[in-house]
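First to last, the sequence lines map onto chains U and W. full-length UniProt numbering applies: residue 1 is where the first sequence begins, and numbers increase by one. full-length UniProt numbering applies: residue 1 is where the second sequence begins, and numbers increase by one. Cβ atoms here follow ideal geometry from the backbone N, Cα and C, with glycine treated the same way.
Number of protein chains: 2
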Amino acid sequence: MKSRITLKELARLLNVSVSTVSKALNDSPEISPKTIERVKELAALHNYRPNPTAVNLKSSKSGTIGVLIPNIANSFFAKVLSGMEERAQREGLQLMTYISNESYDREKQIAELLTSGYVDGVLIAIAEETQRKKEFEHIKNVLQYDIPVVLYDRIGFDMAVDKVGIDDHKVFYDATKELQEKGINRIGIATSIHHMGVGKARIDGYREALRENDTFYVANSAKMESLKEKILKMLLEDKVEAVLGSDFDSTMMAYRLAYENGIRIPEDLKIVGFIRGGLAKYLTPSVSYFDQFPDKLGEKAMEVLINRINKKNTGPVQKYIIDTKVVHLESTEFKK
Amino acid sequence: MKSRITLKELARLLNVSVSTVSKALNDSPEISPKTIERVKELAALHNYRPNPTAVNLKSSKSGTIGVLIPNIANSFFAKVLSGMEERAQREGLQLMTYISNESYDREKQIAELLTSGYVDGVLIAIAEETQRKKEFEHIKNVLQYDIPVVLYDRIGFDMAVDKVGIDDHKVFYDATKELQEKGINRIGIATSIHHMGVGKARIDGYREALRENDTFYVANSAKMESLKEKILKMLLEDKVEAVLGSDFDSTMMAYRLAYENGIRIPEDLKIVGFIRGGLAKYLTPSVSYFDQFPDKLGEKAMEVLINRINKKNTGPVQKYIIDTKVVHLESTEFKK
DNA sequence: CTGAAAGCGCTTACAG
DNA sequence: CTGAAAGCGCTTACAG
């Protein structure tokens, strides 16, 4: 049972003062090369590591970034976190993870913790319930404490902070246009996140892409039972020829309901959705998807935050858009 | 731009000493009720929060748990993390997240960080590469520093620590037996994790369940191309009637290859695998799966760790097994 | 009941 | 070039 050696102990062993040891370890020009060598040698021998808590107390920095995640079971966020972690690691920063589970109350508690001095900066994706309530005071409060904040993924909010996300409007706009160009007319959307910023932006993009005479087909519900009914109606009554899925559940539900009702993909129905590539390729048929490059998104968000913390970036807040890509698999094949 | 008020400042405003303020806020019996009230009132007014770094330095505790995750993109680990976070939250503990990406070198670095005083205890799932190398010194080193460690999920290692996981041997043993009882004889395994502890245990369970005359069919490779070939051979040449999938990729690959080769599920081939229920139900046909209750596993691991940290548990190290359940969906249906 | 002092493990301006 | 002192924001044994 070892315990970490301290500066004091090192000083005692070397018969010098604590200050000398500290300076030597930090390569201070005040200290003679010989002393520096002696000190470093012993420190290495004892595997000395400065106590981070003490260093933090002195510097009023924690070397830690807080990440607020709405739902880690969503593989998108898991990958975003992975990208953040990688970037943080290169910078020698630690990650403190907080999961709101899409709850407003929990998010409020977390926001309180975030201002308590645990972290030097914060990456936030705002919870669903918070978006419903339109209550953002607790988030803005974090800013009051001069703690740098970057919003990631869920960025459609009126707040004076840096934002890193994708252009949800454009993704659905482009996808709709592309289907139309290939001769598909009856295009529908399935979504369980229509009440959230990103969900709304996607619907808007779709609507804008439709032409004068086109009808909107939007199957939207956060309740799975009701979503199912609406998608069924869209498939069986409205007989849409393509479905854009705005999230995992709605995409997979459309896919599954087509199967249950003998609707052939891609012959009778094309599908593109927000699911991850690692899954999409295994589906039968494989399903075309929007690649959001979540790891890049996470990395970028972390980078923007770091530049704020370091004051490398002191300009006005900015919005950064990560490019998205449609990956076409079997579910959007056009057979000749 | 606010900044947190300190004890000192509070003391100045109240015209009392810092010690008095500190004691009052901690409800010390040394302090008069009247003073306590005055102090708390002002503290509330200024939304005082003790600086956690200072408290940590005094107490040599950090109120933080380190979680070492091999791969967060694996939804199993994402859910485990979610369970841990929930339990930690109830205890007022924070989570420091480290992702090894299955790399030995990165894990070693993290292990070093874990002994630097950032965390009061550690939850570890050992990286794949580490298991291959059979190099566990860096993990054991954490123990040397008297930091409580709990191994979760990947627990088949000879180390004197608490362990929380599932009984991988039994899961595949039972599943094999169950298929046999229903009259299935040619049962195969698909696995990309055969070189890891959990993967080995599953294979062993399967082997033990087979009878005298049964043949083993094991399609194993960590390389996707080679795994594909082996599964194909198992399906087409060995003509197995059932496949147990040991992980996401191997399960989905068997499922997909059956589709590509006109092998009907469940008529010609039954499938059960380690995939998550949220996905399994949407597949076409839906795929039977092993529910590992990852959130419970995470919760339990955190609980065991907390009890060690609090010294509520000072007994010998133990192994805790979380029950698993087979959820039967269409891929194992027996039509009459 | 209140306060001065010491100390947690560091860093750094200042003195020698 | 080295060291004593002050201080980061707390807690707590001790004195009064």
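Inset, instruction - Measure the beta-carbon distance from G117 of chain U to P52 of chain W and round it to whole angstroms, keeping in mind my assumption that it falls under 8 Å. - result: Taking the first sequence and counting its residues from 1, one reaches residue 117 of chain U at position 117. Taking the second sequence and counting its residues from 1, one reaches residue 52 of chain W at position 52. Sure, about 6 Å apart at Cβ, within 8 Å.
Legend entry - Three CB pairs or more closer than 8 Å across the region 282 to 293 of chain W and the region 191 to 207 of chain W: no
Legend entry - Between the CA atoms of K40 of chain W and L25 of chain W - distance to the nearest angstrom: Locating residue 25 of chain W in the second sequence gives position 25, counting from the first residue. Locating residue 40 of chain W in the second sequence gives position 40, counting from the first residue. L25 of chain W and K40 of chain W: Cα-Cα distance of roughly 6 Å.
Legend entry - DSSP bridge partner residues for Q94 of chain U (one or two, in chain order): Locating residue 94 of chain U in the first sequence gives position 94, counting from the first residue. According to DSSP, Q94 of chain U bridges with U:T64.
Inset, instruction - Please check if any C-beta of chain U sits within less than 8 Å of the C-beta of I72 of chain W. - result: Taking the second sequence and counting its residues from 1, one reaches residue 72 of chain W at position 72. Yes, because at least one Cβ of chain U sits closer than 8 Å to the Cβ of I72 of chain W.
Legend entry - Range covered by the alpha helix (DSSP H) that runs through T35 of chain U: For the purposes of this step, residue 35 of chain U is taken as residue 35 along the first sequence, with counting starting at 1. It spans 33 to 45 - the alpha helix (DSSP H) in which T35 of chain U sits, taken as one unbroken run.
Inset, instruction - Could you check if A301 of chain U is buried or exposed, using at least 16 other CB atoms within 10 Å of its CB as the buried criterion? - result: The residue labelled residue 301 of chain U in the question sits at position 301 within the first sequence. Buried, by the Cβ-count rule.
Legend entry - Partner residues on chain W for I288 of chain U, Cβ-Cβ distance less than 8 Å: Taking the first residue of the first sequence as 1, we reach residue 288 of chain U at position 288. In the sequence on display, residue 288 of chain U carries Ser and not Ile. Those do not exist, as S288 of chain U stays about 16 Å from chain W at its closest Cβ, beyond 8 Å.
Legend entry - Residue nearest to A222 of chain W in terms of C-alpha spacing, selected from W:I147, W:S192, W:R211: One-based indexing of the second sequence puts residue 222 of chain W at position 222. That would be W:S192, whose Cα lies nearest to the Cα of A222 of chain W.
Inset, instruction - Using three-state DSSP, classify T332 of chain U as helix, strand or coil. - result: Here residue 332 of chain U is taken as the residue at index 332 of the first sequence, counted from 1. T332 of chain U: helix per DSSP, three-state reduction.
Inset, instruction - Compare the C-beta of R202 of chain W against all C-beta atoms of chain U and say whether one is closer than 8 Å. - result: Residue numbering aside, residue 202 of chain W sits at position 202 when the second sequence is read from its first letter. So no, R202 of chain W is outside the interface.
Inset, instruction - Determine the contact status of L93 of chain U and T64 of chain U, defining contact as a CB-CB distance below 8 Å. - result: For the purposes of this step, residue 93 of chain U is taken as the residue at position 93 of the first sequence. For the purposes of this step, residue 64 of chain U is taken as the residue at position 64 of the first sequence. Against a cut-off of 8 Å, the Cβ pair of T64 of chain U and L93 of chain U comes out as a contact.
Inset, instruction - Work out the CA separation of K133 of chain U and K312 of chain W for me, nearest whole Å. - result: By 1-based counting over the second sequence, the position of residue 312 of chain W is 312. By 1-based counting over the first sequence, the position of residue 133 of chain U is 133. Near 41 Å, if we compare the C-alpha coordinates of K133 of chain U and K312 of chain W.
Inset, instruction - Starting from the beta carbon of M252 of chain W, find every residue of chain U whose beta carbon is closer than 8 Å, and list them in chain order. - result: For the purposes of this step, residue 252 of chain W is taken as residue 252 along the second sequence, with counting starting at 1. Those are L279, Y282, listed as they occur along chain U.
Inset, instruction - Would you mind reading off the limits of the alpha helix (DSSP H) that contains G197 of chain U? - result: Residue 197 of chain U sits at position 197 when you count from the first residue of the first sequence. Element bounds for G197 of chain U: 197 to 209.
Inset, instruction - Using a cut-off of 9 Å between C-beta atoms, extract the partners of T97 of chain U located in chain W. - result: Taking the first residue of the first sequence as position 1, residue 97 of chain U is located at position 97. The contacting residues are V67, L81, E85, Q94, L95, M96, T97.
Inset, instruction - Compute every distance between the C-beta of V21 of chain U and the non-hydrogen atoms of the ligand GDP, then say whether any falls below 7 Å. - result: In the structure shown, the ligand GDP is absent, as is every other ligand, since no ligand is present at all.
Inset, instruction - Would you check if the region 145 to 154 of chain U and the region 186 to 203 of chain U touch, i.e. whether three or more CB-CB distances between them fall below 8 Å? - result: yes
Inset, instruction - Check whether the Cβ of Y118 of chain U lies closer than 8 Å to any Cβ atom in chain W. - result: To locate residue 118 of chain U, count along the first sequence from 1; it is residue 118. Cβ-Cβ to chain W under 8 Å: yes for Y118 of chain U.
Inset, instruction - Determine whether the Cβ of P52 of chain W lies closer than 8 Å to any Cβ atom of chain U. - result: Counted from its first residue, the second sequence places residue 52 of chain W at position 52. Interface residue, yes.
Legend entry - Those residues which DSSP pairs with G165 of chain U across a bridge: In the first sequence, the residue the question calls residue 165 of chain U occupies position 165. BP columns for G165 of chain U point to U:I321.
Inset, instruction - Please work out which residues of its chain come closer than 8 Å, Cβ to Cβ, to V161 of chain W, disregarding the five sequence neighbours upstream and downstream, and give them in chain order. - result: Here the question's residue 161 of chain W lines up with position 161 in the second sequence. Hits under 8 Å: L143, V149, V150, L151, V317.
Inset, instruction - Hey, could you find the ends of the beta strand (DSSP E) L244 of chain W is sitting in? - result: Position 244 of the second sequence, counted from the first residue, corresponds to residue 244 of chain W. 242 to 245 is the span of the beta strand (DSSP E), which, as asked, contains L244 of chain W.
Inset, instruction - Give a yes or no on whether the minimum CB-CB distance between S103 of chain W and chain U is below 8 Å. - result: Along the second sequence, read from residue 1 onward, the residue named residue 103 of chain W stands at position 103. Not one chain U Cβ lies under 8 Å of S103 of chain W.
Legend entry - Cα-Cα separation between M252 of chain U and E9 of chain W, rounded to whole angstroms: Along the first sequence, read from residue 1 onward, the residue named residue 252 of chain U stands at position 252. Along the second sequence, read from residue 1 onward, the residue named residue 9 of chain W stands at position 9. Those two C-alpha atoms are separated by around 57 Å.
Legend entry - Cross-strand partners of D146 of chain W (DSSP beta bridge): By one-based count along the second sequence, residue 146 of chain W stands at place 146. DSSP output for D146 of chain W lists no bridge partner at all.
Legend entry - E86 of chain U and E299 of chain U closer than 8 Å at C-beta: By one-based count along the first sequence, residue 86 of chain U stands at place 86. By one-based count along the first sequence, residue 299 of chain U stands at place 299. For E86 of chain U and E299 of chain U, yes; Cβs fall inside 8 Å.
Legend entry - Euclidean distance between Cα positions of K61 of chain W and N307 of chain W: Locating residue 61 of chain W in the second sequence gives position 61, where the first residue counts as 1. Locating residue 307 of chain W in the second sequence gives position 307, where the first residue counts as 1. Approximately 15 Å between the Cα atoms of the pair.
Inset, instruction - Establish whether the CB of S331 of chain W and some CB of chain U are separated by less than 8 Å. - result: In the second sequence, counting from the first residue as 1, residue 331 of chain W sits at position 331. Not closer than 8 Å to any Cβ of chain U, the Cβ of S331 of chain W fails to qualify, so no.
Legend entry - C-beta neighbour in chain W for N261 of chain U, strict 8 Å: Locating residue 261 of chain U in the first sequence gives position 261, counting from the first residue. It does not; no Cβ of chain W falls within 8 Å.
Legend entry - Interface partners of Y255 of chain U on chain W, CB under 8 Å: For the purposes of this step, residue 255 of chain U is taken as the residue at position 255 of the first sequence. Neighbours of Y255 of chain U on chain W, chain order: Y282, T284.
Legend entry - Beta-carbon gap between D238 of chain W and Y217 of chain W smaller than 8 Å: Here residue 238 of chain W refers to the residue found at position 238 of the second sequence. Here residue 217 of chain W refers to the residue found at position 217 of the second sequence. In this structure, Y217 of chain W lies closer than 8 Å to D238 of chain W by Cβ.
Inset, instruction - With distances taken Cα to Cα, identify the nearest neighbour of Q95 of chain U among U:V67, U:A254, U:I72, U:S103. - result: Reading the first sequence from its first residue, position 95 is the one you call residue 95 of chain U. Just to set this straight, residue 95 of chain U is Leu in the shown sequence, not Gln. Considering only alpha carbons, the answer is U:V67.
Legend entry - Members of the region 143 to 169 of chain U near chain W, C-beta cut-off 7 Å: Q144, Y145, D146
Inset, instruction - Would you verify that the beta carbon of S221 of chain U is, or is not, closer than 8 Å to some beta carbon of chain W? - result: Position 221 of the first sequence, counting from 1, holds the residue named residue 221 of chain U. For S221 of chain U, the answer is no, since every Cβ of chain W falls outside 8 Å of its Cβ.
Legend entry - Proximity below 8 Å, CB of I271 of chain U to CB of V304 of chain U: Walking along the first sequence from the start, residue 271 of chain U turns up at place 271. Walking along the first sequence from the start, residue 304 of chain U turns up at place 304. Cβ distance not < 8 Å, so I271 of chain U and V304 of chain U don't count as in contact.
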